[in-house]
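Chemist:
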Amino acid sequence: GGASDAIEHEKTGLICDGSNLDSIYYSINSMLENKKYLEYGKGAKDNVSKFYWSKIIEKYIDILN
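The C-terminal position of the sequence shown is numbered 91 in the working numbering, with every residue numbered one higher than the one before it.
What follows is the structure, given as structure tokens:
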């Protein structure tokens, strides 16, 4: 839960094995060397709207109707 709900791998960030230092280092280096953090940041900003309460409530109303 959590990260996989908030992060779309290679669209809004990277999901890696947090218990594997090589995986963490690789992910950080990949974002920094390729300036992917700019792309991921923009994607995350665009994606965050699906977590607005107004949007969530609309979805519940649609389901209940």
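Note that beta-carbon positions come from the ideal geometry of N, C-alpha and C, so glycine has one too.
Can you tell which of L90, S49, D72 and Y51 has its C-alpha closest to the C-alpha of I33?
Modeler: D72
Chemist: Among Y63, K76, D48 and I82, which has the Cα closest to the Cα of E36?
Modeler: Y63
Chemist: Since I believe A70 is in contact with G39 (beta carbons under 8 Å), could you give me their beta-carbon distance rounded to a whole number of angstroms?
Modeler: Correct: roughly 6 Å between the Cβ atoms.
Chemist: How many Å lie between I41 and K81 at the Cα?
Modeler: 25 Å
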